[in-house]
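See structure below.
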Amino acid sequence: MSSTPEITFPRHVVIIGAGAVGLMSAIHALDQGLQVTLLDFNEPGSEEASSYGNAGWLSSHSVIPPVEPGMWKKVPGYLMDPIGPLSIRWRYLPRLAPWLLRNLASARRERIRSTARALRTLVVDARTLHHEIASRAGVGHLIDTSGVLHVYRSRQQFEGDAFGWGVRRELGIQWTELEGEALRQREPDLDPAFGFAVQVDEAGHCKNPGAYMQALQVYALARGAHCIKGAATGFRVEQGRLKAVVTAQGEIACDAAVISAGARSKVLAAQAGDHVQLESERGYHAVISGHAQEARARTPMMVSEFKVIATQMETGLRIAGQVEFASFEAAPDWRRGEIMRDIALKLFPGLPRELPSSDVRFWLGRRPSTPDGMPCIGAATASSDIIHAYGHGHIGLGCSARTGRIVGQLLAGQAPEIDLAPFSPQRF
Ligand SMILES: Cc1cc2nc3c(=O)[nH]c(=O)nc-3n(C[C@H](O)[C@H](O)[C@H](O)COP(=O)(O)OP(=O)(O)OC[C@H]3O[C@@H](n4cnc5c(N)ncnc54)[C@H](O)[C@@H]3O)c2cc1C
2 MSSTPEITFP
12 RHVVIIGAGA
22 VGLMSAIHAL
32 DQGLQVTLLD
42 FNEPGSEEAS
52 SYGNAGWLSS
62 HSVIPPVEPG
72 MWKKVPGYLM
82 DPIGPLSIRW
92 RYLPRLAPWL
102 LRNLASARRE
112 RIRSTARALR
122 TLVVDARTLH
132 HEIASRAGVG
142 HLIDTSGVLH
152 VYRSRQQFEG
162 DAFGWGVRRE
172 LGIQWTELEG
182 EALRQREPDL
192 DPAFGFAVQV
202 DEAGHCKNPG
212 AYMQALQVYA
222 LARGAHCIKG
232 AATGFRVEQG
242 RLKAVVTAQG
252 EIACDAAVIS
262 AGARSKVLAA
272 QAGDHVQLES
282 ERGYHAVISG
292 HAQEARARTP
302 MMVSEFKVIA
312 TQMETGLRIA
322 GQVEFASFEA
332 APDWRRGEIM
342 RDIALKLFPG
352 LPRELPSSDV
362 RFWLGRRPST
372 PDGMPCIGAA
382 TASSDIIHAY
392 GHGHIGLGCS
402 ARTGRIVGQL
412 LAGQAPEIDL
422 APFSPQRF
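Numbering of the sequence shown is given in our numbering, commencing with residue 2 and proceeding in unit increments.
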C-alpha cells in the first residue's frame, strides 16, 4: 500500500498584502516552486499602499532608526511647531503611549548601534537586488544606481548629525563631501543657502514606485501567481498546521501564509498568536509636475533640517516626509501636504511662487513602524506555516527585496541567509 508522502514544505502560499514586501515575497515563493495567491483588498500599485508614494530611496546606508539620542528633549518643540516634522492627534495619544515610550527608550547609543548593524544586513545591497528583480520584471530602467545626497546648510550643521554618520562609518559606509561650488555644480537648482552635502554612492532610487509595484504584480501573474481581491481576517490552524486563510468572503485553503499587510499587519499578527507593537506612522508627499525646466533634483536628496526627501520622479518632483500619529481611520490633514509643497519652494527658488494647484498632487501614506525601528520577519507562534513580514517603517521599499528572498527561504524550509534573531516577531 502506497503511503501519502509527507509535505516537507508548503505547496500553496497565500500572501496577504501586495505592497513591496508582499510582491517580493510572491516572486521569491514562485522561484522556490510554490503555488502563490496574492490577497489584497486594493489593486497592486494602489495609492492606498505605502509602497506607492514613498520617496523611492533604495538606500543601503539608511540604517539609523528615526529616533536619535536625546530625541525626547526635541519632541515638545516639534509638537509645538505647526509646520514641524512631527505631529500627534491628541485623542490618539493614550493608544500610542506604550509604543511611544518604547520608541524613546530605544534611542540609546548602544541600541542604535546594534539596530544599525542588524538593519545593514537587510539593506546592504538593496540597489543591486532591486535592479535584478526590476530587470526580470522588464522595468530595470526604473532603478537608478547613481547615489543619493544628504544636504545641509553648512559643515557645522552636518557635524550636528555626527553620531549617525559615525555609526555608518563603523559599518564601512563611505561618502564624499561636496561643499560650496562643488555642490552648486551638482545641484544648480538648489537654494545656495544649502552649502554642504554628503554623497553616498552605494545607494540608489526608484524613479516611479507605483509603476514598479504594478510591474512586479504583472510579472508575478505571468509566472503563475493568482490574485484575489479581498481582506484577510484570520487563519484556520489545526494542530499547529495552517489549513486556510480566512477572509470576509470565505476561506482560502493553503499550506502557508505570509502576513505582509504593512501597517495593518498587527491584527493579523495577533490572530497568528503574536502581539507585536506596530503603528501606522503617517507621512505625506507633494508631487510638483510640469516644472522640471525651472527646478530639478538631479540627485535624490535628504534635507536634514526639514526631515524631507526630494526625489525627481518620472511623474515630477516629489517631496516626502512628515511623521503624523493618528488612528487609521482619521482623515488626512492636507496641511501636511502643503508643508511639503512649501518646503519645495524653499529648496528650489526657481519654482514659481504661485504654483497652480493643478501642478501639485498630495498623498498620505502609512509607514508600518515598530518602536525599535526593526521589522518583524519570522515564523508565527500559532503555526510555523505563517510567516511575518512587515514593520519596515521608513525603509520598507529598500528592505523589501531581501525580505522577500528571506520569506522564500523560510517558506521552502531553508535556513535564512541572514540572522533573523533581531527581527523576531516575538520580541515585544
Ligand atoms: C512619505 C513616505 C516616504 C517614504 N520613503 C521611503 C523611501 O524613500 N525608501 C524606502 O525604502 N521606504 C520609504 N518609505 C516606507 C515604505 O514606503 C514602506 O515601508 C513600505 O512601502 C511598506 O511596504 P509593505 O509592503 O510592508 O506595505 P504596503 O505597501 O502598505 O502594502 C500593504 C498592502 O497590504 C494590503 N492589506 C492590508 N491589510 C490587508 C488585509 N487584511 N487583507 C488583504 N490585504 C491587506 C494593503 O491594501 C496594501 O496593499 C516611505 C513611506 C512614506 C509614508
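Just so you know, even glycine gets a beta-carbon here, dropped at the ideal spot from N, CA and C.
Checklist entry - Smallest Cα separation from A233: which of Q250, E239, P353, R224? => result Q250
Next on the checklist: Using the three-state DSSP reduction, which class does A19 fall into: helix, strand or coil?
Outcome noted: coil
Checklist entry - Going by the C-beta, is H389 closer than 6 Å to any heavy atom of ligand 1? => result no
Item to check | Close Cβ partners of S115 (< 8 Å) along its chain, the five nearest in sequence each way excluded | outcome: P423
Next on the checklist: Within the continuous alpha helix (DSSP H) that includes G167, where are the two ends?
Outcome noted: 163-171
Next on the checklist: Quick check: the Cα distance between L346 and V149, rounded to an integer number of angstroms?
Outcome noted: 20 Å
Item to check | Completely contained beta strand (DSSP E) runs for the segment 66-140, where each covers 3 or more residues | outcome: 87-89
Item to check | DSSP state of A287 mapped onto helix, strand, coil | outcome: strand
Checklist entry - What separation, rounded to the nearest whole angstrom, lies between the Cα atoms of H132 and G139? => result 10 Å
Item to check | Check whether W364 and H286 have beta carbons under 7 Å apart | outcome: yes
Item to check | Collapsed DSSP secondary structure at K208 in the structure displayed | outcome: coil
Next on the checklist: Here's a check: name, in chain order, each residue in its chain whose Cβ is nearer than 6 Å to the Cβ of F445, leaving out the five neighbours to either side.
Outcome noted: With the chain covering 2 to 429 only, the question about residue 445 has no answer from this structure.
Checklist entry - Using the beta-carbon count (16 or more within 10 Å), is W176 buried or exposed? => result buried
Checklist entry - Near R128, which residues of its chain fall below 6 Å by C-beta distance, leaving aside the five closest residues on each side in sequence? => result L59, T146, G205
Item to check | Those residues which DSSP pairs with T312 across a bridge | outcome: R319
Item to check | Proximity test, Cβ basis, 7 Å: Y220 and chain B | outcome: Chain labels in this structure do not include chain B; a single protein chain is all it has.
Next on the checklist: For S359, count the other beta carbons within 10 Å of its own beta carbon; 16 or more makes it buried, fewer makes it exposed. Which is it?
Outcome noted: exposed
Next on the checklist: Quick test of your reading: V22 and C255, contact by CB under 8 Å. State the CB separation rounded to the nearest angstrom.
Outcome noted: V22 to C255, Cβ: 18 Å. No contact.
Next on the checklist: Please tell me whether Q272 and F429 are closer than 7 Å, where the distance is taken between their beta carbons.
Outcome noted: no
Item to check | Identity of the residues DSSP links to I260 by a beta bridge | outcome: I17, H389
Item to check | Exposure of S3, with buried meaning 16 or more beta-carbon neighbours within 10 Å | outcome: Confidence in S3 is poor, its pLDDT being 47 and thus under 50, which makes the residue's placement too unreliable to answer from.
Checklist entry - Can you find a heavy atom of ligand 1 that lies under 6 Å from the Cβ of V22? => result yes
Next on the checklist: So, for R156: in the same chain, excluding its five sequence neighbours on each side, which residues have a beta-carbon less than 6 Å away from its beta-carbon?
Outcome noted: F197
Checklist entry - So the alpha helix (DSSP H) Q158 belongs to, where does it begin and stop? => result 156-160
Item to check | Unbroken alpha helix (DSSP H) run spanning D41, endpoints | outcome: Premise fails: D41 lies in the beta strand (DSSP E), 36-41, not in any alpha helix (DSSP H).
Checklist entry - In whole angstroms, what is the alpha-carbon distance linking C228 and I260? => result 15 Å
Item to check | G181 versus E355, A19, R154, E160, residue with shortest Cα-Cα distance | outcome: R154
Next on the checklist: Tell me the DSSP secondary structure of T234 in three-state form.
Outcome noted: strand
Item to check | CA nearest to the CA of G379, picked from I28, G211, G405, S52 | outcome: G405
Next on the checklist: For a test of the three-state rule: what should DSSP assign to P339, helix, strand or coil?
Outcome noted: The sequence given here has Glu at residue 339, not Pro. It is helical.
Checklist entry - Which residues does DSSP pair with M303 in a beta bridge? => result H151, I310
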